[in-house]
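Visitor: Next up is a structure, given as structure tokens.
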Amino acid sequence: MTKRQDTSTVLFLCSGTFAASLRGLYNCNCVSHGICRSHSIFNKSIRLDDQPPVRPTKVPYLHLDQGQGGLHTFPYDAKDITNQVSELHWIGTHGCFTCVCLYIPIGEGQCFTAHIDAHNDYRDIREWITETDQEAESLKAYVKERLTAALPFLANGEYANNQLRSEAIILCPRREIYSLGGVKKHSTGWAVVEAVREFFRLEPGSHPTEFAQGFIVNALTHRKQMLRWKDEGMNEETMDRYDQLRRMIEEGKLSEKDEEYVDYVKRREQDSPGDHKYSKCLSDGHPEEWTLQYLQQTHSWVRYS
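Here is the structure:
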């Protein structure tokens, strides 16, 4: 007589490669090499091949908001919307126009990353323009002063010999913008870029300022995902035209309902990290403040407060 096989219950060992996959699927943390009866799979109700396919997850990255920056070492622990996330490898920021977004790799798993925002105390487009040469030179000096305080070990040009310098990223898509009266002027971002190049000894032309509004970078491998715009045809000329239309609106010469202006607003819609399968995580600590403000009365730049 053939021995009857009881298939009412199937028990698995919570060890080995297959069991490890089951532990992940059923949240079993058993590490013993015996039979884990509390995590038995009853084949009357569960069939592995009936389970829905696992959806690809987004890659978590440490996100820096506008005006944040600092020296970071990876892997990095951070928090997403719901819980703690350990050993992040990626860092990024986005939404850059007249701001300057930086990724400066320094050593293995170590980088200086910032989203530098500089403005004066006007309340129109001039807020993001250096009105005079003195204002621009003062901003350059202040940025280098802040970089020296943040990275004293690079204050004397040591980065010039860093083997990772070719991986550096500098973003500032609007180094020049149209001011009131239709005159094109340097934005505050232009002076910040000049200060960054001088501090890190990045010769003009060696690290072109990429036309993008953000990035996400693996700080261990330096793999990059540039964040641009939904409109693949976006370029500096397109943004120039948007600036001109915006100035006309501020001067009362054009309505925000103007068809051309509405079209340009849509064209400026930005790529998001989620579009490229990345999810935002925030630091538990307190990033350095990199929003800079020009005080007209003292003719000096300070940390925004």
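Oh and the sequence shown: position 274 is 274 in UniProt numbering, straight run, nothing missing. Think of the CB as a built atom: it goes at the ideal place given N, C-alpha and C, for glycine as much as any other residue.
#1: Could you tell me the boundaries of the beta strand (DSSP E) in which Val265 lies?
#2: Beta strand (DSSP E) containing Leu171: first to last residue?
#3: Just curious, the beta strand (DSSP E) that Ile216 is in, first and last residue?
#4: Exposed or buried, which one is Thr132 when buried takes at least 16 other CB atoms within 10 Å?
#5: Rounded to the nearest angstrom, what separates residue 306 and Ala219 at their Cα positions?
#6: So is Thr113 buried or exposed if we call it buried at 16+ other beta carbons inside 10 Å?
#7: Given that a residue counts as buried once 16 or more other Cβ atoms are within 10 Å of its Cβ, and exposed if not, what is Ala136?
#8: For the beta strand (DSSP E) that Asp65 lies in, which residues bound it at each end?
#9: What ranges does the beta strand (DSSP E) occupy inside the region 59 to 123, keeping only unbroken runs of at least 3 residues that lie completely in it?
#10: Considering Tyr178, what are the terminal residues of the beta strand (DSSP E) in which it resides?
#11: Taking buried to mean at least 16 other C-beta atoms within 10 Å of its own C-beta, is Gln68 buried or exposed?
#12: Use the C-beta contact count for Thr98: other C-beta atoms within 10 angstroms, 16 or more gives buried, fewer gives exposed.
#13: Starting from Arg303, follow its DSSP beta bridges and name the residues at the other end.
#14: Under the assumption that Arg175 contacts His186 (Cβ atoms under 8 Å), give the Cβ distance between them as a whole number of angstroms.
#15: Using the rule of at least 16 other Cβ atoms within 10 Å of the residue's Cβ for burial, across every protein chain shown, is Asn27 buried or exposed?
#16: Can you tell me the Cα-Cα spacing of Asp284 and Gly182, whole angstroms?
Guide: Result, derived from the coordinates:
#1: Residue numbering aside, residue 265 sits at position 265 when the sequence shown is read from its first letter. Looking at the DSSP string, Val265 is not in any beta strand (DSSP E); the run it does join, the alpha helix (DSSP H), is Glu259 to Arg267.
#2: Looking up residue 171 in the sequence shown gives position 171. Taken as a continuous stretch (DSSP letters only), the beta strand (DSSP E) holding Leu171 covers Ile169 to Leu171.
#3: Residue numbering aside, residue 216 sits at position 216 when the sequence shown is read from its first letter. Counting along the chain, the beta strand (DSSP E) containing Ile216 begins and ends at Gly214 to Asn218.
#4: Taking the sequence shown and counting its residues from 1, the one referred to as residue 132 is at position 132. Thr132 comes out exposed.
#5: Past the boundaries of the shown model lies residue 306; the chain is included only from 1 to 305, so the question cannot be answered.
#6: Numbered from its first residue, the sequence shown carries residue 113 at position 113. Classification of Thr113: buried, given that the 10 Å Cβ count is 16 or more.
#7: Here the question's residue 136 lines up with position 136 in the sequence shown. When all chains shown are included, Ala136 counts as buried.
#8: Taking the first residue of the sequence shown as position 1, residue 65 is located at position 65. First-last for Asp65: undefined, no H or E at that position.
#9: 59 to 63, 68 to 73, 76 to 79, 84 to 88, 90 to 94, 100 to 107 and 110 to 119
#10: Translated into positions along the sequence shown, residue 178 becomes position 178. Looking at the DSSP string, the run of the beta strand (DSSP E) that includes Tyr178 is Glu176 to Tyr178.
#11: Reading the sequence shown from its first residue, position 68 is the one you call residue 68. The residue is buried, with at least 16 neighbouring Cβ atoms inside 10 Å.
#12: Sequence index remark: in the sequence shown, residue 98 carries index 98 (1-based). Classification of Thr98: buried, given that the 10 Å Cβ count is 16 or more.
#13: Along the sequence shown, read from residue 1 onward, the residue named residue 303 stands at position 303. BP columns for Arg303 point to Leu292.
#14: Taking the first residue of the sequence shown as position 1, residue 175 is located at position 175. Taking the first residue of the sequence shown as position 1, residue 186 is located at position 186. Indeed, because the Cβ distance is near 7 Å, the residues count as touching under 8 Å.
#15: Working through the sequence shown from its first residue, we reach residue 27 at position 27. At Asn27 the pLDDT is 41, less than 50, meaning the model places this residue with poor confidence; the figure from the coordinates comes in the next sentence. By the neighbour-count rule (16 or more Cβ atoms within 10 Å), Asn27 is not buried but exposed.
#16: On the sequence shown, residue 284 is found 284 positions in, with the first residue counted as 1. On the sequence shown, residue 182 is found 182 positions in, with the first residue counted as 1. Cα to Cα, Asp284 sits roughly 44 Å from Gly182.
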